[in-house]
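Before any comments, here is the structure.
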Amino acid sequence: MAEPGRARGWAPRNVMRLSMRWISLRLRLMLVFALVALAAAVSASAIAYWLNRDAVLTRTQNAALDDFRKSLQDNTGSLPVTPTCPELQEAADRMAATSQKYEVLLIGKVKGGGDCAAPSDRDLFTLKVVPQTLVTAVNRQRRVDDSNPYPYHLYWQRITLDGKPYLVGGARVIGGGPTGYLLKSLDNERADLNSLAWSLGIATGLALIGSALLAQAAASTVLRPVQRLGEAARRLGEGKLDTRLQVSGTDELADLSRTFNRTAESLQKRVEELSAREAASRRFVADMSHELRTPLTAITAVTEVLEDEADSLDPMIAPAVQLVCSETRRLNDLVENLMEVTRFDAGTARLVLDDVDVADQVTACIDARAWLDAVELDAERGIMARLDPRRLDVILANLIGNALKHGGSPVRVSVRTRARDGEGELLVIEVRDHGPGIPEDVLPHVFDRFYKASASRPRSEGSGLGLSIALENAHIHGGEITAANSPEGGAVFTLTLPRDSEPARPEGDAGHPGGTGSGPGSPEGGAR
Numbered sequence: 001m002a003e004p005g006r007a008r009g010w011a012p013r014n015v016m017r018l019s020m021r022w023i024s025l026r027l028r029l030m031l032v033f034a035l036v037a038l039a040a041a042v043s044a045s046a047i048a049y050w051l052n053r054d055a056v057l058t059r060t061q062n063a064a065l066d067d068f069r070k071s072l073q074d075n076t077g078s079l080p081v082t083p084t085c086p087e088l089q090e091a092a093d094r095m096a097a098t099s100q101k102y103e104v105l106l107i108g109k110v111k112g113g114g115d116c117a118a119p120s121d122r123d124l125f126t127l128k129v130v131p132q133t134l135v136t137a138v139n140r141q142r143r144v145d146d147s148n149p150y151p152y153h154l155y156w157q158r159i160t161l162d163g164k165p166y167l168v169g170g171a172r173v174i175g176g177g178p179t180g181y182l183l184k185s186l187d188n189e190r191a192d193l194n195s196l197a198w199s200l201g202i203a204t205g206l207a208l209i210g211s212a213l214l215a216q217a218a219a220s221t222v223l224r225p226v227q228r229l230g231e232a233a234r235r236l237g238e239g240k241l242d243t244r245l246q247v248s249g250t251d252e253l254a255d256l257s258r259t260f261n262r263t264a265e266s267l268q269k270r271v272e273e274l275s276a277r278e279a280a281s282r283r284f285v286a287d288m289s290h291e292l293r294t295p296l297t298a299i300t301a302v303t304e305v306l307e308d309e310a311d312s313l314d315p316m317i318a319p320a321v322q323l324v325c326s327e328t329r330r331l332n333d334l335v336e337n338l339m340e341v342t343r344f345d346a347g348t349a350r351l352v353l354d355d356v357d358v359a360d361q362v363t364a365c366i367d368a369r370a371w372l373d374a375v376e377l378d379a380e381r382g383i384m385a386r387l388d389p390r391r392l393d394v395i396l397a398n399l400i401g402n403a404l405k406h407g408g409s410p411v412r413v414s415v416r417t418r419a420r421d422g423e424g425e426l427l428v429i430e431v432r433d434h435g436p437g438i439p440e441d442v443l444p445h446v447f448d449r450f451y452k453a454s455a456s457r458p459r460s461e462g463s464g465l466g467l468s469i470a471l472e473n474a475h476i477h478g479g480e481i482t483a484a485n486s487p488e489g490g491a492v493f494t495l496t497l498p499r500d501s502e503p504a505r506p507e508g509d510a511g512h513p514g515g516t517g518s519g520p521g522s523p524e525g526g527a528r
């Protein structure tokens, strides 16, 4: 059985893929083609059906009514004024024997008094079948005038008997003759119209299929250049700035491809210029840092001698000597940090991995800087992790030193592990102080280089590079550092590292194996 987490993760991805498939341009284009073709085919089929239906029924109806009128005149004209019922029956049978194949009902007065109804098919056609509205219209006498020369007319109506269509017509013989009605089946016409409807439906389906094929061809023709353009844009976004499109034709898509090529070429030139400038800047900083190390080494040696002789110096000179010594140390740290930043920017920093006990590593970092009295450690021994000990020491020195400098004692360092998504575990180290916390407007910038929260102390001991170097060291391990304010007061920096780190950058630096960060005893604080 699938794990619940996987089931929940699977469904949204598939729904997203399905929704993207349904809203694709190709499908929308095919759908538009299909809807237009369907509307056109249905409209044409409906018009053709109704025109053919009207023509078939009108033709059948006129032929039957004309034949009935002529037959009624011919067969009732030879009858006596008051015929007998058998004579009416014989006339009805003769009238029904025509090629039009309709049934006849004759109603009239006969000898001896009374009325007689003579149907050609007594089981099918009786006076009850004839609608009352038709009977009333047939028997109604109209006034004769110039526009109406006859008092009686032939009327008809379509009815349904037992689910079958029929034509019912009736007329009264002028001059006192019988009244005649016809009943003609329209079942053959209905079958013909049903066949026509099926044919039109098949034609509509074929038109729909043809429109889908046409839409597919049109979509392929139109979307192929768009797909190539999208693929080229993706490659360009991945950094392949030499991506170009082959252009053919003079249509709008060709113009778009030419515009893309010009844009890509301009972007490539601009990126190359910026890369060259950035490389030159990195070389300048690296060269400057290296050049400064030689005179700084000599100056540092001199300041150490001066510090050793500080007690014997003139009291008027001693403060100046102390200032020179502190500024020399600060300048030395700044140069070391600049060189480390340069290595990160150039991608030449590398990891020297080793299996370490995290509690021992944190203890060693605190002890080396004489912070044991100001730092509370909450870490169990035996939590092993594979990482670069020197870089972890740089991270811890900066985070703890930053907390001591800008926060408040005691600083609490806690170490724990937690499971991460997928395989493996994460190492989580929290450094919390008891100071006023970090202002909300400063939080997004605490890891920025040379950023200081207060403009009134631009010459504080820190250079503003410590936290950024700590973050880079975390990134090279595949980890992260976050800064936040604790609800109980104070700032909390959380370092998250994989317990089995892999180098984030495979490039090595033969000249500077591992590089140097903020040296022991000189952590660099960030913006607080």
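Going letter by letter, the sequence shown gives residues 1 to 528 in the working numbering.
From the three backbone atoms N, C-alpha and C, an ideal C-beta is built for every residue, glycine too.
Here Y152 carries a coil assignment [DSSP, helix/strand/coil].
Exposed is the label assigned to I317, since fewer than 16 other Cβ atoms lie within 10 Å of its Cβ.
Within the region 117–202, the runs of beta strand (DSSP E) at least 3 residues long that lie entirely inside it are, in chain order, 155–161, 164–172, 179–185.
Relative to A197, the option among D146, L51, L214, Y150 whose CA is nearest is L51. Taking A232 as the centre and dropping the five residues before and after it, the same chain places the C-beta of T243, L245, F260 closer than 7 Å to its C-beta, in chain order.
Per DSSP, the continuous alpha helix (DSSP H) segment holding R94 begins and ends at 85–96.
Counting the other Cβ atoms within 10 Å of the Cβ of T76 gives 16 or more, which makes it buried. Between Q89 and A64 a beta carbon distance of about 21 Å is seen, past the 8 Å cut, so the two are scored as non-contacting. Fewer than three beta-carbon pairs drawn from the region 146–158 and the region 42–49 are found closer than 8 Å, and the two stretches are therefore not classed as touching. For L105, DSSP records a beta bridge to P119, Y181. In the same chain as Q141, and ignoring 5 residues on each side of it, the C-beta atoms closer than 7 Å to its own belong to P151, Y152, in chain order. Between L323 and L292, the C-beta gap is not smaller than 9 Å, which leaves the two residues out of contact.
Cβ neighbours of R94 within its own chain (closer than 7 Å, five residues either side excluded): N75. Out of V375, P315, S501, I107, the CA that lies nearest to the CA of E423 is found in S501. Distance from the CA of L426 to the CA of S486, rounded to the nearest whole angstrom, comes to 21 Å.
Cα atoms of L229 and P436: separation of roughly 54 Å, rounded to the nearest angstrom. Closest by C-alpha distance to V32, out of P131, P315, A215, V104, is A215.
Using a 10 angstroms sphere on the CB of E304, the tally of other CB atoms stays under 16, which defines it as exposed.
Taking 3 residues as the minimum length, the beta strand (DSSP E) runs contained wholly in the region 345–379 are 354–357, 375–378, in order along the chain. In this structure, DSSP gives I47 a helical state, which the three-state scheme calls helix. Between the alpha carbons of V302 and T328 lies a distance of about 10 Å. Between R386 and L353, the beta carbon gap of about 5 Å places them in contact (Cβ cut-off 8 Å). Taking 9 Å as the cut-off, the beta carbon of L399 is found closer than this to the beta carbon of F493. Judged by DSSP secondary structure, S409 falls outside any alpha helix (DSSP H); it is assigned neither H nor E. Below 8 Å, enough C-beta pairs join the region 178–188 and the region 162–170 to call them touching: three or more. Residues Y49, N52, R53, V56 of the same chain have their beta carbon placed closer than 8 Å to that of L193, with the five preceding and five following residues left out of the count. For F260, the three-state secondary structure derived from DSSP is helix. Residue pairing for M384: DSSP places it in a beta bridge opposite D357.
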